[in-house]
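S.K.:
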Amino acid sequence: MIDHLDGAVIPTGFDVPVEPLREAAHYTGEPGCIAEARSFAAQFLGRLRTEWCAPIDARAENEVLLVVSELVTNAERHSNGPYILELEGTDLALVVTVYDSSAALPRRFPRDPERVGRHGLEIVHALALEVGAERVPVGKRVRAVIGLNEKQ
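Structure representation (structure tokens):
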């Protein structure tokens, strides 16, 4: 149940959604797609705050947007075609999944502060609770789970 007090929504713990919030967006790779993906993710986080009463702070939001940027940038750079960004979340975690047409799995390079570029997957691994990549019939799927609760 949720009580409304002077326009504020106060979760009481009885009306918790059963299914995670899910949404996907398709991108062509045209200029501006990475910014669109970040905007899509920001709107999704807003829905999680509203529909799941998720206590998403600025740190968690910035981490989600950075992971989305890195995974979408990799899809744009390394595939020959469109890609899909899928988001699934609850009040505890958000799963960012990117599907693209390349069957080549991403490579994580060893840490090298002097290397210019190729730090994207390293950043994703540093921010996510879990990262995985696998081939699918039309390319690959890269998935990162990001904790939204500072205790995780």
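Per my numbering, the very first residue in the sequence shown carries number 58; after that it's consecutive.
All C-beta atoms, glycine included, are put in the ideal place defined by N, C-alpha and C.
Three-state secondary structure (DSSP) at Arg116?
M.R.: In this structure, Arg116 counts as helix in the three-state DSSP scheme.
S.K.: Consider the Cβ of Arg175: report whether some Cβ of chain C lies at a distance smaller than 8 Å.
M.R.: Among the chains in the structure shown there is no chain C, since it carries only a single protein chain.
S.K.: Just to check my reading of the structure: Gly138 and Ala160 have Cβ atoms closer than 8 Å, yes? What is that Cβ distance to the nearest angstrom?
M.R.: Contact doesn't hold; Cβ gap of about 12 Å is too wide.
S.K.: Look at the alpha carbon of Ala190 and the alpha carbon of Ile180, and state the distance between them as a whole number of angstroms.
M.R.: 15 Å
S.K.: Straight-line CA distance for His61 to Val152?
M.R.: In this predicted model, His61 has a pLDDT of only 49, less than 50, meaning its place in the structure is not dependable; the value taken from the coordinates is given anyway. The straight-line gap from Cα to Cα measures roughly 29 Å.
S.K.: Tell me whether the beta-carbon of Leu78 lies closer than 8 Å to the beta-carbon of Glu108.
M.R.: yes
S.K.: Determine, using beta carbons only, whether Val188 and Ala150 come nearer to each other than 8 Å.
M.R.: no
S.K.: Should Asp157 go down as buried or exposed, given a rule of 16 or more other Cβ atoms within 10 Å for buried?
M.R.: Looking at its Cβ environment, which holds 16 or more other Cβ atoms inside 10 Å, Asp157 is buried.
S.K.: So, with DSSP's three-state summary, where would you put Arg192?
M.R.: strand
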